[in-house]
Each structure stands twice: as C-alpha cells, then as structure tokens.
C-alpha cells in the first residue's frame, strides 16, 4: 500500500459512469437497438472520435461547444491539423460518405452507435460525453420520401424493445415554418424561427415579447407567427388547421404535402405515437425538409430523446455530388440518465455468470476446471471459485453477485455432480453434459 | 449542391476508419471477444473517455503522449479540472474500483472494450486512436496466483475464435529480472531493465554497448545482464537455465517459483502458444509480478498484440486499501490494422441484409412492407426496395450489396411468393411465414 495520501477520485460532472448492473442495461439496450437497425438492413460503421476542425465547422460556426484535443507534451504542432472531438455523428457521417463515395453502394444505409462530446455546462439531460445511436440513409441526387417514413418506424420498434413506451415522436417539415413566415412577408425567417424554437422553454408570452422587442414586429404579426406553433395533431387534421390560418406560400404547401404523405405512411403505428407538430424548429442548420423530435412524456425537462431530419446538402460540402439523406439519433445516454436515477428500470445482474463451480479443495481443481469448461462449451457463463475457501464463503460470493446456480463437483470418483438453484434453494443431482437450468439464464 | 469549392476530407493519420465490409469483421470480433469474456464471468463496464490529469499521472509522468481536451469557445476554465483522454483502460479501471469500492463484489472481474488515445507519431502498428479489449481481476488484500493463469487461457480462447492462430503469449515475472540484477549487485536496476527492454529493437550488441556507455558497466557485467534475456522456453526448463547462470537472489527465486507455477497451470494449452520469456521487461511502472506480452509470429514489427500483468499497488493511489489485480489487453486495432491491409481476412458483407423484397409497383407497397415485416419477425434482416424501379435495377442493388436472397411478392392475389438465391441463381416458390434459406444467412 502506498504511504502517500491517496488521491480521492470523484465523478467528473457531465461524464456519466455506470455500475456493472447499470451497464448491463445499457449493453442490453445497445444490442437490441443494433439488432433492430440490422433487421432493416443498416450496416455498422464507426468514424474516428475526432475530425479536423475544418470538417466540424464546415456548415459555419456551430452553437455547440466543441472540445479540441492537444498533446500534453507537444513540442510543436506544426504538422498537425487542429483536431476536435465530434459533437454528433451526422457531420462525421457526411464526411465519411464523401470520402469513401466510390467504395459505397447507394442508397447507403448505415447505423453508428458511438460517443459524442460537447463542452456544455452540465444540467438535467445534458452530458458532456454521451452515446448516440444513429441511422441514416443517403442516396445520390434524390432520396425517396419513403425513407423519411421508414426511419421513425424503425426508431419506434427499437424504443419499444427497450420497454420505453411512454414517448412520442413529433414530425414536421422545415418548409412549413419557412413557407409560412415567408407567406407572412417576413424577410429574416431564421431569426423568427430561432425565437419560436424557444416556445417550450419560455411559453407563448415569452416568444411574443421577444418577437416584438428583438425583431420590432407588430403584436399582430407576432401573434400570427406563434399561431402555427400550437398546431399538433395525431392525424392529417394539421393540414386544414394550418390552411385555416390563411397564409399563402408554395413552400408551405410543399411542406404540408410532404408531411401529409409521411403521416399517411405512418398510419399503422398506434395513435399518439406520431404527432404532426408545427412547433418543431430544430436548431441544426443542415435540415432542409422533414424534422423529427422525440420526447419522453414523463420527462420533458431532459429535452429530446430522439432527433433528426432530412438534409439535402450536407455531404456536398465535401464532394461535388448531391447526396441527400435522412436520419435520426436516439439519445441513449439521455434516456438512461433520466430513467436510471428514478429507478424506472430493473437493474441488470452484477455479472453475466450463470454457474459458479465450487472448489472443495485444491486436489479437485483439475476436475473443477474440467466441469466449468464443459458448461462453458454448452453456452453457460461459468466461473470457478479461485481457492478452496469455506463453502459458506463461496456461496456468499455467488449470492452477492446474484449468480443463479452453484455447482458442486462430486466428492469422489463415484459421486454425483449436484447443482443448487440459488433462487429456490433446491439442490439436485446433475450431469454437466446434459443439465438444463430450471429457469432461464 | 453548394457552389462553394468542396472541402476535400482526407484520412487523419493514426485514426483508422474502416469500410462497412471491414467494420463487419471488427464488430464480429468484438462480439466474439465479449462472448468469451462473459463465458468466464467477466462483467462489462465502461469508463468515461476522459480522466482528470491527476488520475492519469498518478503513477508519475508517463512516457505516453496524452491528449488533453479543451473547449474551443471556452471563456474561462476556472471551474474545470484539466481533463485528458485515457491512454489505456487499466488506470481508469483502478480509479473506477477505488471510487465504487463499496458497491462492487470482490474478486471483481470486469471486461472493458473501449477506445484509447495516444498522441504518438504514427508508425507501423501505432495508432493515435485504437480499440483495446481488457479483462482484469481485482481482489482485496490478496489476489490468487490462479488468476494469473486464467487470464492467458481466456485470451488464447478469444484470439483463436477470431481465427488468429499464429501467435504466442510470452510470460515472465518482474521479480525474475529485478532479482537477477539485484543478485548481480546492480543498484540502478530500473535503468538496466529499460535498456534490456530494447533487445528486440537494437539486438544484443546494441544493448551491450548501451549498458557500457550509458551505465558505465564492465563488459563482463553487461554480458551477464543480457545472458538471461536469451532464455525462452515453452516449458519448465527455463528454471534450470536461469539457475545455471549462478546468480543468487531470493526475489529471483520467488519470481521463478511463480512463473513455474503458471507454466504448470497452462500446461494443457498447445505447446508453443505460451512461452516463458525472460526478455520481457514491459515499460509500465505498475506491474509488480507476472507480465504478459503476445505477438503475431508473422508481424513482429507491429509490436505486442496482447499485453498485461499483475499490479499490487495500482488502486491504492486512490484508496486506503490494498487492491491487487491482474489483467491483460488485446490490441484489437493493432491486429486488424496488421491483417486487413494484407488481405489476410475474409471481408464481411457490405450490409447485414439477408433478403431484399422487390417493389414491383407502387400499388404493391403495402404488401411488400407486410412481407418484409413477416420476414423480419422471423429473424431475417430484410430491406424493401424503396421505389418501383426496373427489376434489373433492383437486382443490381442486391448484387452490389451482396444480399443473398431477393424476394418477389405475388403479382396478384392468387399468385405465389418467389425467392431467388443470388448465389445459385435458382428461383422458387416460397411462403414468407415458413421459408428457410438454402444456405446460412
């Protein structure tokens, strides 16, 4: 033991870390999400954790706080491009598609489950390091609007498999708000959208005040600007509701048509899971059509748990091709971070072990190892106890780790193997080559 | 399309990125390694990508180049501890065990498959970002030497499952070199070991020269220092070979006893897979007993593909407990990085899709989606073609992506489904609720 006073490690704010029984849930979730993505033909890719700053800032300054990386002992940086940790998986994906264009087959459908980093002030639902699960479909020249309908279906299935049921996915189309505000004669549409996007946080009155004070709009125009944001319907009725506002715009009509098409395609999902929601403005610059935002009904304060949309022009920053795409992110860390502290999830096991083989004495070690290997070959996760400690001690180890079965090798050559069910406490004879557990392991 | 000249992205040196068919191998390998780790009862944990610099430097300055992270738009850093990306998974694990000590059950066995970062100059086998697969066992006060034998067995099984067969794992014990040099009357043992560690790179003559020029040793003593490093045996004969050098040291004897115990325990593995190798010195400061180094026989220049050892004193930097442990790392990226460019591995599929369902015309879309969902529910990864393109076009898509089966929905209500095997080109009637593929998918 060191005689120095130990350095007491503490959690780093914004960088979550789970205990094994929590991590078991996260891993199970990732496996399930991945399976759903593959079920629909999406391939896995990963990109490096870093990109050059040029790539990350290709769409102009981002509001997101970017972490750059620097060598601690660097004597010179002259040959290094400035590198930074990616803040999402969409920009790296666009760069990937452009860079490997000739080696990919289109429409290219990929999933990507990786960590992202943002140097934001930690708060509820905000992490500095977090895991995102992305799917995107990118095609050449034109990407079918059917892809926009497929994406939320996959996410719906994936979330349901995690037993996350109390959520909805709001959908809109950027052309709707853009067209509506253009139809109202507004020039600086982007500023209006930026303010209306705060609707959830500051409410209607707050938005009205900001539109008037910051943009010098009349009260009447400001009210017209917010009227559309109230419209949220589980069906096609949003079309008539928007049209009733009496604003004329071809862009608006196009957006309504596209969204109506999606709502029709998604009609088979349970009512209320998909909402046409005119309030969605989404900050990212690169969305040009469909936009998605998913929320946990019980935890609105943590923000969106699902986000995405259609981009017509993202990869074209990197290649002289038009490569439109549509994609979505599941914010895995944000969901887990909301549900785990609330004890809404049944914790996983502390270890994956199905069977602990008891070591009665040192002479038996070879037999014990042999028995364990037999069980492993049959697919059971198996540990041997590492030393011939008292039986009560070995049983306590199994109990504390939640290992469901304890195996007793025979005492002599003619004896039987026995296995103890740690739940029912029943102990019976068993053959390691044929044994099947009474309950699922 | 943007009218700006596109920014042409290029690979970032030292940060590997794989195509989908390469990533498919990596993912298969990670799944297999993980399954082997779980088969032996190791639980999954992950730690944040960053630690405070205090933690990473807790054993004093490291030779490894550390990447710190800094917020690009930071106005002040006053409340931020200095954060840096971890350069291995062992130090974060020691911190994890100390921090969560009261919530863990010991002996604690965990695996951890994560990226690490080192700001080193890229060269063969060296990456700045790489994936490591670690297992460690940590116990309180005392950790059984049997753990030291279990660890290479698990790694042997895991590597074999990847069809990486041409490798060996060298094992030594730090007490052997330390005791041997102490027995030779050398005070500055660390400096001698640092030089002898270069044996692989600069050869015996180089080491002899350095020992004399840098440490002022006599030629005779220098020769004695290197004599032990020649000893490498697939069996217990190393004990007599070392003893024949005639150096007396209790520490040396203890190291030989421990290593002999391991070689005996590992006797069941095929001869030549495990070598007692006295030349292993390993750079890390924290190893105190057993040390492991694995090599690909065909690619010695890329360095160790497996590395690890026993540490008695690592977590004690963070907690007033003695928490000895033993662990090992599989350098996944390094192995893939050696074998992929040499075409030593059969590439994976470009996508995970088993079946592409043809979309003959827009009217059939609902049927096509229904058929695809049936196949998905039965466990087949299934895509539908997104638009009613020409049949040849849809078939070419399946062919280019390597999708093994193409499904034709019935032309009318009384028609049959048909499925085409893209390998044999045979096309037969099939029922989506009962169909089984002719070859494995």
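Chains as they are written, first to last, in the working numbering: chain H, 1 to 441; chain D, 1001 to 1441.
Beta carbons: idealized from backbone N, C-alpha and C, even for Gly.
Residue range of the alpha helix (DSSP H) that residue 1370(D) falls in? Taking the first residue of the second chain as position 1, residue 1370(D) is located at position 370. Here the alpha helix (DSSP H) through residue 1370(D) covers 1365-1377.
Output, in chain order, the set of chain D residues within a Cβ distance shorter than 8 Å of residue 337(H). Locating residue 337(H) in the first chain gives position 337, counting from the first residue. Under the 8 Å cutoff, chain D gives no residues; its nearest Cβ is about 13 Å from residue 337(H).
Within 10 Å of its beta-carbon, does residue 281(H) have 16 or more other beta-carbons around it, so buried, or fewer, so exposed? Here residue 281(H) refers to the residue found at position 281 when the first chain is read from its first residue. Burial call: buried.
How far does the alpha helix (DSSP H) with residue 227(H) in it extend, from its first residue to its last? By one-based count along the first chain, residue 227(H) stands at place 227. Segment 219-227, the alpha helix (DSSP H) holding residue 227(H).
Mind pulling the chain D residues with CB within less than 8 Å of residue 58(H)? As a first step, residue 58(H) must be located in the first chain, where it is residue number 58. The answer, in chain order, is 1007.
Answer with buried or exposed for residue 44(H), where buried requires no fewer than 16 other C-beta atoms within 10 angstroms of its C-beta. In the first chain, the residue the question calls residue 44(H) occupies position 44. Per the 10 Å Cβ criterion, buried.
Candidates 25(H), 312(H), 428(H): which alpha carbon is nearest residue 344(H)'s? Working through the first chain from its first residue, we reach residue 344(H) at position 344. Across the set 25(H), 312(H), 428(H), the C-alpha of 25(H) shows the shortest separation from the C-alpha of residue 344(H).
Rounded to the nearest angstrom, how far is the Cβ of residue 1122(D) from that of residue 1013(D), given a contact under 8 Å? If you number the second chain from 1, residue 1122(D) lands on position 122. If you number the second chain from 1, residue 1013(D) lands on position 13. About 5 Å separates the two Cβ atoms, so the contact holds.
Taking beta-carbon pairs under 8 Å, can you tell me which members of the region 93-106 of chain H lie near chain D? Listed by position along the chain: 95, 96, 98, 99, 100, 103, 104, 105.
Beta carbon of residue 294(H), beta carbon of residue 305(H): below 8 Å? Counting from one through the first chain, the residue named residue 294(H) turns up at place 294. Counting from one through the first chain, the residue named residue 305(H) turns up at place 305. The answer is yes: Cβ separation under 8 Å.
CB contact check: residue 19(H) to chain D, cutoff 8 Å: Locating residue 19(H) in the first chain gives position 19, counting from the first residue. Taking Cβ atoms only, chain D reaches closer than 8 Å to residue 19(H), which makes this a yes.
Quick check on the DSSP output: the alpha helix (DSSP H) that includes residue 1292(D) runs from which residue to which? The residue labelled residue 1292(D) in the question sits at position 292 within the second chain. Segment 1290-1296 is the beta strand (DSSP E) holding residue 1292(D); no alpha helix (DSSP H) there.
Output, in chain order, the set of chain C residues within a Cβ distance shorter than 8 Å of residue 54(H). Among the protein chains in the structure shown, which are H and D, there is no chain C.
Please check if any C-beta of chain H sits within less than 8 Å of the C-beta of residue 1032(D). Counting from 1 along the second chain, the entry for residue 1032(D) is found at position 32. No - not a single Cβ of chain H is within 8 Å of the one on residue 1032(D).
8 Å contact criterion, which residue 982(D) and residue 1418(D) should meet: CB distance rounded: Chain D is shown from 1001 up to 1441; residue 982(D) falls before or after that span and cannot be answered.
Could you check what DSSP says for residue 1083(D) in three-state terms: helix, strand or coil? Within the second chain, the letter at position 83 stands for residue 1083(D). Secondary structure at residue 1083(D): strand, using DSSP grouped into helix, strand and coil.
In the DSSP assignment, find the unbroken beta strand (DSSP E) run with residue 36(H) in it and report its ends. As a position in the first chain, residue 36(H) is number 36, starting the count at 1. Where residue 36(H) is concerned, there is no enclosing beta strand (DSSP E), although the alpha helix (DSSP H) it sits in stretches over 20-39.
Assess, as a yes-or-no matter, whether the region 358-372 of chain H is touched by the region 310-322 of chain H under the definition of 3 or more beta carbon pairs within less than 8 Å. no
Would a C-beta distance cut-off of 8 Å place residue 83(H) and residue 47(H) closer than the cut-off? Residue mapping note: residue 83(H) aligns to position 83 of the first chain, counting from 1. Residue mapping note: residue 47(H) aligns to position 47 of the first chain, counting from 1. No. Outside cutoff.
Are residue 1113(D) and residue 1034(D) close, meaning C-beta to C-beta below 8 Å? Indexing the second chain from 1 puts residue 1113(D) at position 113. Indexing the second chain from 1 puts residue 1034(D) at position 34. Result yes, Cβ atoms of residue 1113(D) and residue 1034(D) sit closer than 8 Å.
Mind checking which residues open and close the beta strand (DSSP E) that includes residue 1275(D)? As a working mapping, residue 1275(D) is identified with position 275 in the second chain. That run of the beta strand (DSSP E) goes 1274-1277.
Would you please state the rounded distance, in angstroms, between the beta carbons of residue 229(H) and residue 263(H)? I believe it to be under 8 Å. Stepping through the first chain from its first residue, residue 229(H) is reached at position 229. Stepping through the first chain from its first residue, residue 263(H) is reached at position 263. That pair is no contact at about 18 Å.
Less than 8 Å between the CB atoms is what I'm expecting for residue 353(H) and residue 1327(D), so what's the real figure, rounded? On the first chain, residue 353(H) is found 353 positions in, with the first residue counted as 1. On the second chain, residue 1327(D) is found 327 positions in, with the first residue counted as 1. Actually they do not touch by this definition, with Cβ atoms about 18 Å apart.
Within chain D, the residues that residue 45(H) reaches when beta carbons sit closer than 7 Å: As a first step, residue 45(H) is located in the first chain; it is residue number 45 there, counting from the start. The contacting residues are 1020, 1023.
Can you check whether the CB of residue 350(H) is closer than 8 Å to the CB of residue 140(H)? Mapped onto the first chain, residue 140(H) falls at position 140. Mapped onto the first chain, residue 350(H) falls at position 350. No, the Cβ-Cβ distance between residue 140(H) and residue 350(H) is not below 8 Å.
What residue range is occupied by the uninterrupted beta strand (DSSP E) comprising residue 132(H)? In the first chain, counting from the first residue as 1, residue 132(H) sits at position 132. Segment 129-138, the beta strand (DSSP E) holding residue 132(H).
Mind checking which residues open and close the alpha helix (DSSP H) that includes residue 174(H)? The residue labelled residue 174(H) in the question sits at position 174 within the first chain. First-last of the alpha helix (DSSP H) with residue 174(H): 174-183.
Rounded to the nearest angstrom, what separates residue 297(H) and residue 201(H) at their Cα positions? Residue numbering aside, residue 297(H) sits at position 297 when the first chain is read from its first letter. Residue numbering aside, residue 201(H) sits at position 201 when the first chain is read from its first letter. Their backbone Cα atoms lie some 16 Å apart in a straight line.
Can you list, in chain order, the residues of the region 204-232 of chain H whose Cβ is nearer than 8 Å to any Cβ on chain D? none
Roughly how many angstroms lie between the CA atoms of residue 1183(D) and residue 1220(D), to the nearest whole one? On the second chain, residue 1183(D) is found 183 positions in, with the first residue counted as 1. On the second chain, residue 1220(D) is found 220 positions in, with the first residue counted as 1. Taking the straight line from one Cα to the other gives about 15 Å.
Helix, strand or coil at residue 91(H) [DSSP, three-state]: Locating residue 91(H) in the first chain gives position 91, counting from the first residue. If DSSP states are grouped into helix, strand and coil, residue 91(H) belongs with the helices.
Reduced DSSP category for residue 1417(D) - H, G, I as helix; E, B as strand; rest coil: If you number the second chain from 1, residue 1417(D) lands on position 417. Three-state DSSP puts residue 1417(D) in a strand.
Using beta-carbon positions only, say whether residue 1290(D) and residue 1134(D) come within less than 8 Å of one another. Taking the first residue of the second chain as 1, we reach residue 1290(D) at position 290. Taking the first residue of the second chain as 1, we reach residue 1134(D) at position 134. No, the pair does not count as a contact, with Cβ atoms beyond the cut-off.
Check whether the region 402-418 of chain H touches the region 370-385 of chain H, taking contact to mean three or more Cβ pairs, one atom from each stretch, closer than 8 Å. Under the 8 Å Cβ criterion, the region 402-418 of chain H counts as touching the region 370-385 of chain H, having at least three qualifying pairs.
Using the beta-carbon count (16 or more within 10 Å), is residue 108(H) buried or exposed? Translated into the one-based positions of the first chain, residue 108(H) becomes position 108. Per the 10 Å Cβ criterion, buried.
To the nearest angstrom, how far is the alpha carbon of residue 1176(D) from that of residue 1152(D)? Stepping through the second chain from its first residue, residue 1176(D) is reached at position 176. Stepping through the second chain from its first residue, residue 1152(D) is reached at position 152. Distance between the alpha carbons of residue 1176(D) and residue 1152(D): 19 Å.
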